[in-house]
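Residue numbers (our numbering): 894 to 1001.
Working notes for the structure below.
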């Protein structure tokens, strides 16, 4: 399980042994929509996306979002997950932006 400094629980960036990678993301529409809205609001592009199923977290999408920050290229790592009846959770970590390495939790 992933954790930030505030104790916000989320799936780790790397898939765990209990996860199964899914090649067809048709059942991941909620997370795809959330990531798409986030990228649009950032005026950014989703450059990578991996979908998986987890016993603990349900449906998970891990994506990289490329955006510009003060004219320089930057990357955000986004983890989005959903389980039936519990909504969608999202966690974003700035991966490559001016030496920044800050996680930004957002409740689902």
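Backbone N, C-alpha and C fix where the C-beta goes; we use that ideal spot for every residue, glycine too.
- Segment contact: the segment 914-926 against the segment 957-970, fewer than three CB-CB distances shorter than 8 angstroms; contact not assigned.
- Note on geometry: alpha-carbon atoms of residue 973 and residue 962 lie some 22 angstroms from one another.
- Around the Cβ of residue 950, a 10 Å sphere holds 16 or more other Cβ atoms; the residue is buried.
- Per DSSP, reduced to three states, the secondary structure at residue 966 is strand.
- Under DSSP, the beta-bridge partners assigned to residue 939 are 958.
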